[in-house]
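Chemist:
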Amino acid sequence: MNKITTIGLDLAKHLFHVVCCDQRGKLIKKRMLRRSQVLPYFANLAACRVG
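For the sequence shown, this note's numbering gives the first residue as 31, with consecutive numbering after it.
Set out below in structure tokens:
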């Protein structure tokens, strides 16, 4: 399994788009989260770069 090293986060009013990439920039997963889901989602991830 690839390790997530970078997360792209697109902020919006109600929905947040999250894109997770490995060290080579390969897409690992994409998610669309509601505002209430963002903090619990990041709490369960290992430390990485977010931008």
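All residues carry an ideal CB built from backbone N, CA and C; glycine is no exception.
1. Just reading off the alpha helix (DSSP H) that LEU69 is part of, what are its end residues?
2. Please classify VAL80 as buried or exposed, where buried requires at least 16 neighbouring CB atoms within 10 angstroms.
3. Classify CYS78 as buried or exposed, calling it buried when 16 or more other Cβ atoms lie within 10 Å of its own Cβ.
4. Give me, in chain order, the residues of the same chain whose beta-carbon lies closer than 8 Å to that of HIS44; leave out the 5 immediate sequence neighbours on both sides.
5. Going by the beta-carbon positions, is the gap between VAL49 and ILE37 smaller than 8 Å?
Modeler: Taking the structure as given:
1. 65-73
2. exposed
3. exposed
4. ARG64 and ARG65
5. yes
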